[in-house]
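Worksheet: one structure, shown below.
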Amino acid sequence: YLLPCAAAAAPVASPPGVRPKNTEAMPIIFVAAEVSPWSKTGGLGDVCGALPAALASRGHSVVVVVPRYEAYPHVLDTGHSASFFLDNGAHTVRYWNHRRGDGVNYVFVSHPALERGGGSSIYGDASASAYSDSDGSAYPDNDFRFALLCMAAIEAPLCIPW
1 YLLPCAAAAA PVASPPGVRP KNTEAMPIIF VAAEVSPWSK TGGLGDVCGA LPAALASRGH
61 SVVVVVPRYE AYPHVLDTGH SASFFLDNGA HTVRYWNHRR GDGVNYVFVS HPALERGGGS
121 SIYGDASASA YSDSDGSAYP DNDFRFALLC MAAIEAPLCI PW
């Protein structure tokens, strides 16, 4: 990393502890419980909707993996699925894909445990969320749901097009 200095005859080295800027494009994968505009209960959805697009605009190859809480428009079935052994049983997830004009590849993971009432857990009852029932109690299987999402996210780069 070079500091601009008109009087310097030689490049100035980075200060100790400061890493040089990476000028090469990197593959980046975000895994989140929500992403705006499809699912949003708070600031996480906003960040996961904006930060990946900002990184893609800098030339990075960015994928966001999130649950498919409901049937979103313009999100297409990839035809890929994967099975995982979790919670004493085999569970199959399906991968869905959408590419917006922001350069980000959005991958949605579907499984019955992630699809709460056709999306009412996200947009329906105002007291419900991606994480809890309408009475405010956390879904008793949240640990299973998001462990399955993490397993699916690890497999995603192997079965979806970059």
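Residue numbers (the UniProt record's numbering): 1 to 162.
C-beta atoms are modelled at their ideal positions from N, C-alpha and C, and glycine is treated no differently.
Note that the structure is predicted; figures quoted are calculated from it, not measured.
Residues Asp141, Phe144, Arg145, Leu148 of the same chain have their beta carbon placed closer than 7 Å to that of Ala113, with the five preceding and five following residues left out of the count. Selection Glu70, Ala82, Glu24, Cys48 evaluated against Gly59 yields Glu24 as nearest (Cα-Cα). Here Leu76 carries a strand assignment [DSSP, helix/strand/coil]. Where Ser110 is concerned, the enclosing beta strand (DSSP E) starts and stops at 104-110. CA-CA distance, Val63 to Pro37, rounds to 16 Å.
Per DSSP, Gly89 lies in no alpha helix (DSSP H) segment; the continuous beta strand (DSSP E) that holds it begins and ends at 89-99. Judged by beta-carbon spacing, Val65 lies within the 8 Å limit of Ala153, meaning their Cβ atoms are closer than that value. Note: Leu86 is bridge-paired with Gly89 in the DSSP secondary-structure output. Beta-carbon to beta-carbon, Ser110 and Arg94 are separated by about 5 Å, close enough to satisfy the 8 Å threshold. In the three-state reduction of the DSSP assignment, Ala32 falls in the coil class, being assigned neither a helical nor a strand state. Taking the CA atoms as reference points, Ser81 sits about 7 Å from Thr92.
Excluding five sequence positions before and after Ala90, the CB atoms of its chain that fall closer than 6 Å to its own CB belong to Ser83, given in chain order.
Glu34 is not a Cβ neighbour of Glu70, given a cutoff of 8 Å.
The Cβ-Cβ distance between Ala56 and Val104 falls below 8 Å. Boundaries of the alpha helix (DSSP H) harbouring Ser57: 43-57, taken from the DSSP string.
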